[in-house]
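Q: For reference, the structure I am asking about is given below.
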Amino acid sequence: MPAGKGGTTELQVTARPGDEWTIKLPNWLSALLNDNIPVGYGANITHQGPAKIVFKAETANPTAQQRSFSFQMNVTGEEQNIEIVQEGSTMNVGSAISLEAASGSEGQSTFTLTKGLNWRALLSDGWLSWASGDLATSGDEATGGEQILKVKAASSNPYASARTGSITVEGGEIGKDASLKKTISVSQAESTITCPTQPVEISAEGANDASSFFTATSDLPWKTAVTEPNGWLTLTGQTTGTTTTNPQNVVFNVPVNPNSEERTGAIIVRVGDESKGPNGEITVIQKESALSVDEDKTIPAIASLDNTFIFKATKGLSWSVSEEMDWLTLLGTTDGTNNTTGSDQTITYSVLINPNESARNGNIEVKAGNISKSITVEQAGSTFSATGGEEKIATTGGTTTGSVKATSGLAWTITPETDNDITVSPTSGSGDVTLEFSASDNAGSERMGTFIVSLDANQERTITITATQTGKDTGAYIGNLQVCLTDEDSSNFGTASTNCSKSTKEGKTGWRLPTKDELIIMSNNKNTLQSMSDFTAFVGGYYRSSTVDNRYSNAHFVYNILGNSESPGFDHVIYPVRCVRNKD
5 MPAGKGGTTE
15 LQVTARPGDE
25 WTIKLPNWLS
35 ALLNDNIPVG
45 YGANITHQGP
55 AKIVFKAETA
65 NPTAQQRSFS
75 FQMNVTGEEQ
85 NIEIVQEGST
95 MNVGSAISLE
105 AASGSEGQST
115 FTLTKGLNWR
125 ALLSDGWLSW
135 ASGDLATSGD
145 EATGGEQILK
155 VKAASSNPYA
165 SARTGSITVE
175 GGEIGKDASL
185 KKTISVSQAE
195 STITCPTQPV
205 EISAEGANDA
215 SSFFTATSDL
225 PWKTAVTEPN
235 GWLTLTGQTT
245 GTTTTNPQNV
255 VFNVPVNPNS
265 EERTGAIIVR
275 VGDESKGPNG
285 EITVIQKESA
295 LSVDEDKTIP
305 AIASLDNTFI
315 FKATKGLSWS
325 VSEEMDWLTL
335 LGTTDGTNNT
345 TGSDQTITYS
355 VLINPNESAR
365 NGNIEVKAGN
375 ISKSITVEQA
385 GSTFSATGGE
395 EKIATTGGTT
405 TGSVKATSGL
415 AWTITPETDN
425 DITVSPTSGS
435 GDVTLEFSAS
445 DNAGSERMGT
455 FIVSLDANQE
465 RTITITATQT
475 GKDTGAYIGN
485 LQVCLTDEDS
495 SNFGTASTNC
505 SKSTKEGKTG
515 WRLPTKDELI
525 IMSNNKNTLQ
535 SMSDFTAFVG
545 GYYRSSTVDN
555 RYSNAHFVYN
565 ILGNSESPGF
575 DHVIYPVRCV
585 RNKD
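Numbers in this note's numbering are just positions in the sequence shown, counted from 1, shifted up by 4.
Rendered as structure tokens:
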């Protein structure tokens, strides 16, 4: 007979009339005798002669194995063993259940169990619960047909991977027959988070309360964070919460970008489990800041206070202006914190006068944020020239003028104030000034005053000027030949010639070595010459001449003025020297 409750099987008893027989029914069987006499389970069937018996299972087979009932019957004089067999019970389950990641997601499957068996269904995990409704999760008697089991996710999946659970269905004698215990797999999809694919673009100046958003599986805890490399991003709005079915806003501040390069940061969003839950990134791109400065400056040599240059930087940067020049000074405000204006900003600087002939330059550095640029300032070299007396001062005394011409404000000093009884005035000044040289009556020969003009700020920059006063001519003359009152140092020919040509003795120029004939004239007039006031007597020995002695190589005649005799004079030999010049 079938395994289920109510299953039947028929038996025809062919006993002879009058033969009595008895069957003791087990507790799980009842019977119907001859279609009209019911016999309850566990009762005796007693009858004479032939009969029709329909056996009926009052309970389902509680196991998957067959169960049977045997009895013996003497039929037509023969003992017969009769066995009533009930098939084993069976259980089948439907397909696995797949739930969505969000809490409240529902799914169902089925099971089929032999009719009449008691049963129960158990859930394996706390995140699973039975869906609401009138569906049973246990029963005393299975229907024998498909029965629905409906579950739902009690919570959202906190993981970025699917999680699994199960429904265990048991029937019959619970825990005794593994064949009547089946499992239906239940999986819940992984949770997800979605952030915008396009980055949030922020201007270089930064922004307050900038925002983006994310969407994620609902009913999960979430939090946002900024990693250390992205510390320039500051979260200002809600940073933790529970996800819903709506987008969640993320609010943040971005300061001004201090760099000349675009920078990229990320806000990390974590949902669900701290380590295994899904996470996403909101990318933030901030434009680069800019700094521009004026072109290099060229300024005149004079001192000035009103020089300016302009710089322009992205608004909101900290800034500073610096220089390392001892001749340039920045004026006014030279730094600020987070207050560049985004427009032109003017810096004023002063410069000292340039005391040098050549131009000088230096750099002014402008820094805004982490950006630096420099401006080269070149100051032109200053002008400086001077002239001595334009005319000679009269012997009887008087003045003559000269000048100093210099860049306006360039200070200078003249030393000494008086030289060789000639005085200069003024002895200090700046810029262009007319000089006056003065002298009183000159009782002697022509005289010259020599003066040095030097710059106060650059002592190495000097000019030598002179002023001359005519004098009474006390020179030694023989006709048109003037003989120097004193000897030059004894020397070889080359040195003697040079010394004479450079001599300014007696306030005169144009001195030279005498010819041999002029030495003879000097010798013939030596007594007259040596009797003159201030004339230094000739020394004994030969004096050098400029006349070549062609008898020898590298020789010029020498002449003994006192002894009236000539001799060859080799150029390398040292001889006395007396210079001469032609009368003015």
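Using N, Cα and C, we set each Cβ at its ideal position, and we do this for glycine too.
Rank Leu103, Asp138 and Glu382 by C-alpha distance to the C-alpha of Lys301 and give the top, closest one.
A: Locating residue 301 in the sequence shown gives position 297, where the first residue counts as 1. With distances taken between Cα atoms, Lys301 lies closest to Glu382.
Q: Assuming Ser550 contacts Thr502 under a Cβ cut-off of 8 Å, what Cβ separation, rounded to an integer in Å, is found between them?
A: What you label residue 550 is simply residue 546 of the sequence shown in a count that begins at 1. What you label residue 502 is simply residue 498 of the sequence shown in a count that begins at 1. Going by Cβ atoms, the distance from Ser550 to Thr502 rounds to 12 Å, so no, they are not a contact pair.
Q: Looking at Ala166 and the ligand ADP, is the gap between the Cβ and the nearest heavy atom below 7 Å?
A: No copy of the ligand ADP occurs in the structure displayed, which carries no ligand at all.
Q: Give me the DSSP bridge partner(s) of Ile188.
A: Residue 188 sits at position 184 when you count from the first residue of the sequence shown. DSSP output for Ile188 lists Ile171 as bridge partner(s).
Q: For the pair the stretch 64-76 and the stretch 87-94, tell me if three or more CB-CB distances fall below 8 Å.
A: yes
Q: Helix, strand or coil for Leu117 per DSSP?
A: The sequence position of residue 117 within the sequence shown is 113, counting from 1. In this structure, Leu117 counts as strand in the three-state DSSP scheme.
Q: Which residues share a DSSP beta bridge with Val577?
A: Indexing the sequence shown from 1 puts residue 577 at position 573. Paired residue(s): none; Val577 is not in a bridge.
Q: Do you know whose CA, among Gly284, Ala158 and Ala372, lies nearest Ser322's CA?
A: Mapped onto the sequence shown, residue 322 falls at position 318. Closest option to Ser322, judged by alpha-carbon separation, among Gly284, Ala158 and Ala372: Ala372.
Q: Would you list, in sequence order, the uninterrupted beta strand (DSSP E) runs of no fewer than 3 residues that lie entirely inside the stretch 351-411?
A: 364-372, 375-383, 388-391 and 402-410
Q: Let's test the definition: count the other Cβ atoms within 10 Å of the Cβ of Gln16 and tell me whether it reaches 16, buried, or not, exposed.
A: Indexing the sequence shown from 1 puts residue 16 at position 12. Exposed, because fewer than 16 other Cβ atoms sit within 10 Å of the Cβ of Gln16.
Q: Just mark Ile178 as buried or exposed, buried being the case when its beta carbon has 16 or more other beta carbons within 10 Å.
A: The count along the sequence shown starts at 1 and reaches residue 178 at position 174. It is exposed - the Cβ of Ile178 has fewer than 16 other Cβ atoms within 10 Å.
Q: By DSSP, does Ala500 sit in helix, in strand, or in coil?
A: Residue numbering aside, residue 500 sits at position 496 when the sequence shown is read from its first letter. The answer is helix: DSSP assigns Ala500 an H, G or I state.
Q: Inspect the CB distances between the stretch 325-335 and the stretch 292-306 and report whether three or more fall short of 8 Å.
A: no
Q: Measure the C-alpha to C-alpha separation of Pro420 and Glu394 and round it to an integer number of angstroms.
A: Along the sequence shown, read from residue 1 onward, the residue named residue 420 stands at position 416. Along the sequence shown, read from residue 1 onward, the residue named residue 394 stands at position 390. The alpha-carbon atoms of Pro420 and Glu394 are separated by roughly 19 Å.
Q: Lys509 by DSSP, collapsed to three states: which one?
A: Stepping through the sequence shown from its first residue, residue 509 is reached at position 505. Of the three classes helix, strand and coil, the one that applies to Lys509 here is helix, per DSSP.
Q: Are the Cβ atoms of Thr221 and Ser160 separated by less than 8 Å?
A: Locating residue 221 in the sequence shown gives position 217, counting from the first residue. Locating residue 160 in the sequence shown gives position 156, counting from the first residue. Going by C-beta atoms, Thr221 is nearer than 8 Å to Ser160.
Q: Counting beta carbon pairs with one atom in the stretch 376-390 and one in the stretch 457-476, are three or more of them shorter than 8 Å?
A: yes
Q: Could you pull out every residue in the same chain whose Cβ sits closer than 7 Å to the Cβ of Thr13, ignoring the five residues on either side in sequence?
A: Residue 13 sits at position 9 when you count from the first residue of the sequence shown. Same-chain partners within the cutoff: Met5, Phe59 and Ile88.
Q: Smallest Cα separation from Asn374: which of Gly320, Gly366 and Trp416?
A: By one-based count along the sequence shown, residue 374 stands at place 370. Nearest of Gly320, Gly366 and Trp416 to Asn374, Cα basis: Gly320.
Q: Starting from Lys530, trace the beta strand (DSSP E) both ways and give me its first and last residue.
A: Counting from 1 along the sequence shown, the entry for residue 530 is found at position 526. From DSSP, Lys530 is part of no beta strand (DSSP E) but of the alpha helix (DSSP H) over Lys530 to Ser535.
Q: Can you have a look at Thr400 and say buried or exposed, based on whether 16 or more other CB atoms are within 10 angstroms of its CB?
A: On the sequence shown, position 396 is the one that residue 400 refers to. Classification for Thr400: exposed.
Q: DSSP beta-bridge partners for Ile482?
A: For the purposes of this step, residue 482 is identified with residue 478 of the sequence shown, where counting begins at 1. Ile482 is bridged to Leu485.
Q: Short check: CB of Asp491 to CB of Val543, under 8 Å?
A: In the sequence shown, the residue the question calls residue 491 occupies position 487. In the sequence shown, the residue the question calls residue 543 occupies position 539. Yes. Within cutoff.
Q: If we count the other Cβ atoms within 10 Å of its Cβ and call it buried at 16 or more, is Ala105 buried or exposed?
A: Working through the sequence shown from its first residue, we reach residue 105 at position 101. The residue in question, Ala105, is buried, as its Cβ has 16 or more Cβ neighbours within 10 Å.
Q: Go to Glu464, then tell me how far its beta strand (DSSP E) extends in each direction, as first and last residue.
A: Position 460 of the sequence shown, counting from 1, holds the residue named residue 464. Here the beta strand (DSSP E) through Glu464 covers Asn462 to Gln473.
Q: Of all the beta strand (DSSP E) runs that stay within the bounds of the stretch 283-354, which reach a length of 3 or more residues?
A: Whole beta strand (DSSP E) segments, 3+ residues: 283-290, 295-297, 301-303, 308-317, 323-327 and 332-335.
Q: Measure how close the beta-carbons of Ser165 and Glu209 come, nearest whole angstrom, since I'm counting them as under 8 Å.
A: Here the question's residue 165 lines up with position 161 in the sequence shown. Here the question's residue 209 lines up with position 205 in the sequence shown. Rounded, the Cβ-Cβ distance is 43 Å, inconsistent with contact.
Q: Please list, in chain order, all residues of the same chain as Pro572 whose beta carbon is under 6 Å from its beta carbon, the five residues on each side excluded.
A: Translated into the one-based positions of the sequence shown, residue 572 becomes position 568. Within the same chain, Pro572 has close Cβ partners Asp553, Tyr556 and Ala559.
Q: Can you give me the Cβ contacts of Lys509 inside the same chain, cut-off strictly under 8 Å, excluding the 5 residues immediately before and after it?
A: For the purposes of this step, residue 509 is taken as residue 505 along the sequence shown, with counting starting at 1. Cys488, Leu489, Thr490, Trp515 and Cys583.
Q: Is Ser74 closer than 8 Å to Ile57 when the C-beta atoms are compared?
A: Mapped onto the sequence shown, residue 57 falls at position 53. Mapped onto the sequence shown, residue 74 falls at position 70. Not closer than 8 Å, so no.
Q: Residues in the same chain with beta-carbon distance under 8 Å from Tyr481, minus the five sequence neighbours each way, listed in chain order, please.
A: Position 477 of the sequence shown, counting from 1, holds the residue named residue 481. Same-chain partners within the cutoff: Val487 and Lys587.
Q: Which of helix, strand or coil does DSSP assign to Met526?
A: What you label residue 526 is simply residue 522 of the sequence shown in a count that begins at 1. Reduced to three states, the DSSP call for Met526 is helix.
Q: Alpha carbon to alpha carbon, what distance is there between Leu117 and Gly169?
A: Walking along the sequence shown from the start, residue 169 turns up at place 165. Walking along the sequence shown from the start, residue 117 turns up at place 113. Taking the straight line from one Cα to the other gives about 22 Å.
Q: Output the distance between the C-alpha atoms of Thr228 and Ser191, rounded to the nearest integer angstrom.
A: Numbered from its first residue, the sequence shown carries residue 228 at position 224. Numbered from its first residue, the sequence shown carries residue 191 at position 187. Using only the alpha carbons, I get a separation of about 29 Å.
Q: Thinking C-alpha only, which one of Gly81, Lys156, Gln84 and Ser99 is nearest Glu110?
A: In the sequence shown, counting from the first residue as 1, residue 110 sits at position 106. The shortest Cα separation from Glu110 among Gly81, Lys156, Gln84 and Ser99 belongs to Lys156.
Q: Once the 5 residues before and after Val255 are set aside, which same chain residues still bring their CB inside 8 Å of it?
A: Position 251 of the sequence shown, counted from the first residue, corresponds to residue 255. Answer for Val255: Asp213, Ala214, Ser215, Leu239, Thr240, Gly241 and Gln242, listed in chain order.
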